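Q: Protein chains in written order, with the working numbering: chain W, 457 to 886; chain D, 665 to 1087. By construction, the Cβ of each residue, glycine as well, lies at the ideal position given by its N, Cα and C atoms. Model, not experiment: these values are computed from the prediction.
#1: Measuring alpha carbon to alpha carbon, tell me which of W:880, W:711, W:515 and W:653 ends up nearest residue 679 of chain W.
#2: Please give me, in chain order, every unbroken run of the alpha helix (DSSP H) with length at least 4 that falls completely inside the stretch 784-835 of chain W.
#3: What's the call for residue 886 of chain W, buried or exposed, on a 16-neighbour Cβ count within 10 Å?
#4: Determine whether the beta carbon atoms of residue 813 of chain D and residue 709 of chain W lie at a separation below 9 angstroms.
#5: What are the start and end residues of the alpha helix (DSSP H) that includes residue 1011 of chain D?
#6: Exposed or buried, which one is residue 1071 of chain D when buried takes at least 16 other CB atoms within 10 Å?
#7: With distances taken Cα to Cα, identify the nearest neighbour of residue 1053 of chain D among D:938, D:729, D:802 and D:989.
#8: Leaving aside the five residues before and after residue 855 of chain D along the sequence, list all residues of the same chain whose C-beta is less than 8 angstroms from its C-beta, in chain order.
#9: Can you look up residue 486 of chain W in the DSSP assignment and give me helix, strand or coil?
#10: If we count Cβ pairs, one from each stretch, closer than 8 angstroms, do we get three or more for the stretch 1050-1064 of chain D versus the stretch 937-955 of chain D?
#11: Which of the residues in the stretch 584-612 of chain W, read from start to end, lie with their CB under 8 angstroms from any CB of chain D?
#12: Excluding the 5 residues preceding and the 5 following residue 987 of chain D in the sequence, name in chain order all residues of the same chain whose CB lies nearer than 7 angstroms to its CB.
#13: Give a yes or no on whether the minimum CB-CB distance between residue 1029 of chain D and chain W is below 9 angstroms.
#14: Closest to residue 782 of chain W by CA distance: which of W:677, W:714 and W:481 is it?
#15: I need the straight-line Cα distance from residue 630 of chain W to residue 520 of chain W, nearest angstrom please.
#16: Residue 715 of chain W versus chain D: which residues are under 8 angstroms apart at the beta carbon?
#17: With the cut-off set at 9 angstroms, would you say residue 728 of chain D and residue 786 of chain D are in Cβ contact?
#18: Could you give the residue range of the beta strand (DSSP E) that holds residue 912 of chain D?
#19: From this set, D:882, D:1013, D:699 and D:859, which residue's C-alpha is nearest residue 776 of chain D's C-alpha?
#20: Based on Cα-Cα distance, which residue from W:701, W:751, W:458 and W:741 lies nearest to residue 796 of chain W?
#21: Under 8 angstroms, CB to CB, which of the residues in the stretch 895-917 of chain D have a partner in chain W?
#22: So with CB distances below 9 angstroms, who are the chain D contacts of residue 709 of chain W?
#23: Hey, quick one: how far does the beta strand (DSSP E) through residue 880 of chain W stretch, first residue to last?
#24: Comparing C-alpha positions only, which one of W:458, W:457, W:459 and W:469 sits nearest to residue 844 of chain W?
#25: So, using beta-carbon positions, are residue 530 of chain W and residue 583 of chain W closer together than 9 angstroms?
#26: Show which residues of chain W have a CB atom less than 8 angstroms away from the CB atom of residue 919 of chain D.
#27: Taking 9 angstroms as the cut-off, decide whether the C-beta atoms of residue 755 of chain D and residue 816 of chain W are in contact.
#28: For a cutoff of 9 angstroms on Cβ pairs, would you count residue 1024 of chain D as touching chain W?
#29: Just the Cα atoms here: how many angstroms apart are residue 965 of chain D and residue 538 of chain W?
#30: Would you call residue 1046 of chain D buried or exposed, if buried means 16 or more other Cβ atoms sit within 10 Å of its Cβ?
#31: How many whole angstroms separate the CB atoms of residue 541 of chain W and residue 1016 of chain D, which I take to be in contact at a CB cut-off of 8 angstroms?
#32: I believe residue 1020 of chain D touches residue 952 of chain D by the beta-carbon criterion, under 8 angstroms. Please report the beta-carbon distance rounded to the nearest angstrom.
#33: Beta-carbon of residue 873 of chain D versus every beta-carbon of chain W: anything under 9 angstroms?
#34: Would DSSP call residue 545 of chain W helix, strand or coil?
#35: Name the one or two DSSP bridge partners that residue 662 of chain W has.
#36: Determine the chain W residues that contact residue 688 of chain D at a beta-carbon separation under 7 angstroms, and present them in chain order.
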C-alpha cells in the first residue's frame, strides 16, 4: 500500500492518503494537538433516493428521509450493547450526521484513538435492523422532524429551496416527513445499506496526533474485504426557471423573515473548474455583502434588514446564491437587493474591496487548519469531489474580471425566488 | 503553552496564554459587573455603541474598512451571565502576524483600533453620538423581541424567568425592552464611564503576541481612568424550594417544549460543584446519560432530552415532546433522578461520566475560545483551576458523594410551552 503525501507549502499543512486493501480511501491530516477527530463517511445522503447497481435492470426508489433513518439505526448492535456506551468506555464523544450528500459517523477523543477507531469501523460495518428496532425509531425521528418544523428559519430556507428547484432531489428534507418515514422497513434499510455502505463508496478522514500505521493496523484487523460496487444514481435534471417566484408561511416570530435566491445552472468542465467557480462567486459575495461593504453598512445603519446574510454554495446536484434577513418592509428589502445587483452588473465590483475580501478569505482559510475540525472541513470537500488543500491556491489566482463576468451571468431577476415567513397576526393581510 | 496573569491597574488584570499552536490570535476583554435589573439593558447596549465609531473612524463603514484591510480581523462583543455576574465581553480575532503576506503589522492595527474603541468613542456634546445610541437601542430591542423565534431557548428562558422571578438570575442578560427605551446618550455615557472605572476587568491575550505588546495595549487602553470600588457580583444560591411552580404557556407549535428547573444548592466552583458535574453527566448530559438512554432510546419519547447545570446552583432539564406525552416524559425524568438519589447507579455509568468530562477537559487546550471560556468562567468565582486540576478533582468524586448531592436536588419549576397536537 503506497502512502501519498500532499503538502500545501504556503500554509505549512499536509495530508497523507492511501487506499486500504478493503477498498477504503483513508486520509490523515497530522496535527500536534490533544484532540483527534475521525469521520467515517459514505457518499450517501438525502438526494440519493433513486439508484441501482451497475448491471441491474431497474432503478430502486426509496422513501424520503431513509439515509438519515439508516444513520440512526446503525447505532443498534446484535448483542444489544449500545454503540454510545462502547465509545463512552474509551472516553470518546461519538456522533453521526446526515446531509443531502453524505452520511458521516464520527468521534472525537483525546485518548485511546485506536480502540475508538476499532469501534467506529466495527459498528458501521455491522448493520442490525429488526422490525422492532426500526419501529422504535419512529417516535424519536418523528419528534426530530416536529421540533424542526417549529423553527421559522428552517421553514424559510426549505421553502426557498423548493421555490427555486422544480423537482431536484435537493428538495427532499434530510429527515423526511412523519408520513414518509412510516414507510421505512428493515428490508429497505438493508437494501440501501448493501448498496451505499460498500467500502469503495466510503472514506475515512482523520485529523490529530496519530499515524497512518496506527490507522492501517486497526483497518487490517477490523475491516472486511469487499468487492467494488459501481453505483448508478439517478438525479432529476434542473433548468434555470424557478418553481415559484414567491412563497410564504406564517409563524410566531417577532418580524418578517425573508430569503431570496437564484440557482446557478452550469456544466463544470472538471472538479477544479467547479471549485474555481465556487470560490470566485464566494469572493464576489464577500466583497459585495461582507461587513465592510457599503451595502451591508447601509442596511445596518438604516435598519432596513437585520441579521443580513448572503452566500453562494455549491453541492453535488445544486448550486445557488442566497440573500436575506429580517425586515419590517419585505418590498423595500427585496427591491434594494434587486437594484443593487443591477448596479453591480453595470459598474463591476470595486477592485479594492475584492482584494480585501481575498485577504480575509485567505485568513479564514488558514484558520480552518487550526483545530481537529479540519478533518470535517476536508471530508466535506471530498464529498463534493473538491479538495480543501487546493482551495488556497485557487483563491490566489481568481481575478476581479472573472468575478464580474460570473456575477453578470448569475444575477438575473427573472430567475429569482423569494421565501417569506410572516408573523401570525399578519395572516389576514396576505 | 505558558499562562501568566498580572495586575496592570487596580482591578484590571492581564492574562497571557503564549502559544504558537493557533493561527489566529484572540484578545478578550471581560467586563464583570453584578447582574441588576436597573443596569442590565445599559450594560448590554454600550459596547455596540462603542463599536459604531471612534474619533478617528467616525462611522461604521470606516471601522469596518479598517478591519477589512487587516485581513478581515473581527472585533465584536457579546453579553452573558455567570452565576449572578453580568459579563460583557469585547473580543478581537486576528490572523497571526506570521501569516501576513507582506509583513503587515496586523496585531498593531487591531490593538490600536481596540484601544480607540474603548478610549475615544465618537461623541457629540460630550456624550455618545445620539443617532448611534438610538440606532443601537432599536437593534437591541429587535434582538430581545427575536428571542421568541427560537422555541427551545425561548422555553428555557421563560422557565428561568418564572423560577427566579425575585432573584438577579431571572434578569435577562440583554435587559428588558422597556428599560432599553428609557436610555439616553447622556445616561449611557455616564454608565460607560462608570463601567470603565468600576467593573472588574479581565483581559486575555491568547496566541503568539509578545507579552510586552499585550501589556502596552492594556496600559494604553485603560490609562487615565480613576478606578473605584468594584461592586459585589457574587451569586446568591437558593437551597430550598417552598412551593413547586407549574406554568403552561401556549404558542402555535408542532411540539411541546418541556423544561424542568431544579435547585441543586451548589454554586459555581464550590468543591461540590465537581460532584455536580459528574452527577449531571450521569443523569442527563451526553449519550451515555440516563436521560438519553431512557427517555429517548428506551421510551422513544423525544429526539432530545438533556440536563445542564449552572453556577447559580440550578439544573435545567429540557426536552421536545408530543404534547400528549407530557406526563410520561416528566415522570420518567423525575424517576431517573430518583434512581440516582436511591443510589441506583452502576460503576460503568460513573466511569463513563468521568471519562466524558476528562475528554472535554483534555481538549480545552486545542481551542483558544475554549481556553478563554474555561479560565474566564473560573475567574468570576476567583478560581484558578486549570483543566488538569478539574480532571483530578473529577477523578476523586465518589458514588456516595453523587448520591448525597442528588438528595439535595429539588424540583422548583415545571414549564411547558404547549403546541397544538399535531399527530
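A: Taking the coordinates as given:
#1: Your numbering for residue 679 of chain W matches position 223 in the first chain. For the options W:880, W:711, W:515 and W:653, the alpha carbon positioned closest to that of residue 679 of chain W is the one of W:653.
#2: Runs of the alpha helix (DSSP H) inside the stretch 784-835 of chain W: 786-803 and 807-823.
#3: Within the first chain, numbered from 1, the residue matching residue 886 of chain W stands at position 430. Note that residue 886 of chain W has pLDDT 42, beneath the 50 cutoff, so the model's placement of it is unreliable and no number is given.
#4: Here residue 813 of chain D corresponds to residue number 149 of the second chain, with the count starting at 1. Here residue 709 of chain W corresponds to residue number 253 of the first chain, with the count starting at 1. Result yes, Cβ atoms of residue 813 of chain D and residue 709 of chain W sit closer than 9 angstroms.
#5: For the purposes of this step, residue 1011 of chain D is taken as residue 347 along the second chain, with counting starting at 1. Residues 1011-1027.
#6: As a working note, residue 1071 of chain D is residue 407 in the second chain. When all chains shown are included, residue 1071 of chain D counts as exposed.
#7: Walking along the second chain from the start, residue 1053 of chain D turns up at place 389. For the residues D:938, D:729, D:802 and D:989, the minimum Cα distance to residue 1053 of chain D belongs to D:938.
#8: For the purposes of this step, residue 855 of chain D is taken as the residue at position 191 of the second chain. Counting only Cβ-Cβ distances below 8 angstroms, and skipping sequence neighbours, we find 703, 706, 707 and 710.
#9: Indexing the first chain from 1 puts residue 486 of chain W at position 30. Residue 486 of chain W: strand per DSSP, three-state reduction.
#10: The stretch 1050-1064 of chain D makes contact with the stretch 937-955 of chain D: 3 or more CB pairs, one atom from each, lie closer than 8 angstroms.
#11: For the stretch 584-612 of chain W, which is checked against every Cβ of chain D, the residues closer than 8 angstroms are 592, 593, 594, 595, 596, 597, 598, 599, 600, 602, 603, 605, 606, 607, 608 and 609.
#12: Looking up residue 987 of chain D in the second chain gives position 323. Cβ neighbours of residue 987 of chain D beyond the five flanking positions: 920, 1082, 1083 and 1085.
#13: Within the second chain, the letter at position 365 stands for residue 1029 of chain D. Between residue 1029 of chain D and chain W, the shortest Cβ-Cβ separation is below 9 angstroms.
#14: Locating residue 782 of chain W in the first chain gives position 326, counting from the first residue. When only C-alpha atoms are compared, the closest one is W:714.
#15: Stepping through the first chain from its first residue, residue 630 of chain W is reached at position 174. Stepping through the first chain from its first residue, residue 520 of chain W is reached at position 64. Computed Cα separation, rounded: 8 angstroms.
#16: Taking the first residue of the first chain as position 1, residue 715 of chain W is located at position 259. Chain D residues near residue 715 of chain W: none, gap ~14 angstroms exceeds 8 angstroms.
#17: As a first step, residue 728 of chain D must be located in the second chain, where it is residue number 64. As a first step, residue 786 of chain D must be located in the second chain, where it is residue number 122. With contacts defined as CB atoms closer than 9 angstroms, residue 728 of chain D and residue 786 of chain D fail to qualify as a contacting pair.
#18: Within the second chain, residue 912 of chain D is the residue found at index 248, counting from 1. 909-914 is the extent of the beta strand (DSSP E) around residue 912 of chain D.
#19: In the second chain, the residue the question calls residue 776 of chain D occupies position 112. Nearest C-alpha to residue 776 of chain D: D:882.
#20: Position 340 of the first chain, counting from 1, holds the residue named residue 796 of chain W. Looking at W:701, W:751, W:458 and W:741, the one whose alpha-carbon comes closest to that of residue 796 of chain W is W:751.
#21: 915, 916 and 917: these are the residues of the stretch 895-917 of chain D whose beta carbon lies less than 8 angstroms from some beta carbon of chain W, given in chain order.
#22: Indexing the first chain from 1 puts residue 709 of chain W at position 253. By Cβ distance, chain D contributes 810, 812 and 813.
#23: Within the first chain, the letter at position 424 stands for residue 880 of chain W. Counted as a single uninterrupted DSSP element, the stretch harbouring residue 880 of chain W is not any beta strand (DSSP E), since DSSP gives it neither H nor E.
#24: Counting from one through the first chain, the residue named residue 844 of chain W turns up at place 388. Of W:458, W:457, W:459 and W:469, the smallest CA-CA separation from residue 844 of chain W is found for W:469.
#25: Along the first chain, one-based indexing puts residue 530 of chain W at 74. Along the first chain, one-based indexing puts residue 583 of chain W at 127. A contact, by the Cβ cut-off of 9 angstroms.
#26: Position 255 of the second chain, counted from the first residue, corresponds to residue 919 of chain D. Within chain W, the residues near residue 919 of chain D are 599, 602, 603, 605 and 606.
#27: Residue numbering aside, residue 755 of chain D sits at position 91 when the second chain is read from its first letter. Residue numbering aside, residue 816 of chain W sits at position 360 when the first chain is read from its first letter. Result no, Cβ atoms of residue 755 of chain D and residue 816 of chain W do not sit closer than 9 angstroms.
#28: Here residue 1024 of chain D is taken as the residue at index 360 of the second chain, counted from 1. Yes, contact with chain W.
#29: Locating residue 965 of chain D in the second chain gives position 301, counting from the first residue. Locating residue 538 of chain W in the first chain gives position 82, counting from the first residue. Using only the alpha carbons, I get a separation of about 18 angstroms.
#30: Position 382 of the second chain holds residue 1046 of chain D. With fewer than 16 other Cβ atoms within 10 Å, it is exposed.
#31: Residue numbering aside, residue 541 of chain W sits at position 85 when the first chain is read from its first letter. Residue numbering aside, residue 1016 of chain D sits at position 352 when the second chain is read from its first letter. That belief holds up - the Cβ atoms of residue 541 of chain W and residue 1016 of chain D are roughly 7 angstroms apart, short of 8 angstroms.
#32: Stepping through the second chain from its first residue, residue 1020 of chain D is reached at position 356. Stepping through the second chain from its first residue, residue 952 of chain D is reached at position 288. Right, the Cβ-Cβ distance comes to about 7 angstroms (below 8 angstroms), so this counts as a contact.
#33: Position 209 of the second chain holds residue 873 of chain D. Among the residues facing chain W, residue 873 of chain D is not included, as its CB has no counterpart in that chain under 9 angstroms away.
#34: Indexing the first chain from 1 puts residue 545 of chain W at position 89. Residue 545 of chain W falls in the helix class under three-state DSSP.
#35: Locating residue 662 of chain W in the first chain gives position 206, counting from the first residue. Residue 662 of chain W is bridged to W:484 and W:494.
#36: Here the question's residue 688 of chain D lines up with position 24 in the second chain. Under the 7 angstroms cutoff, chain W gives 823 and 826.
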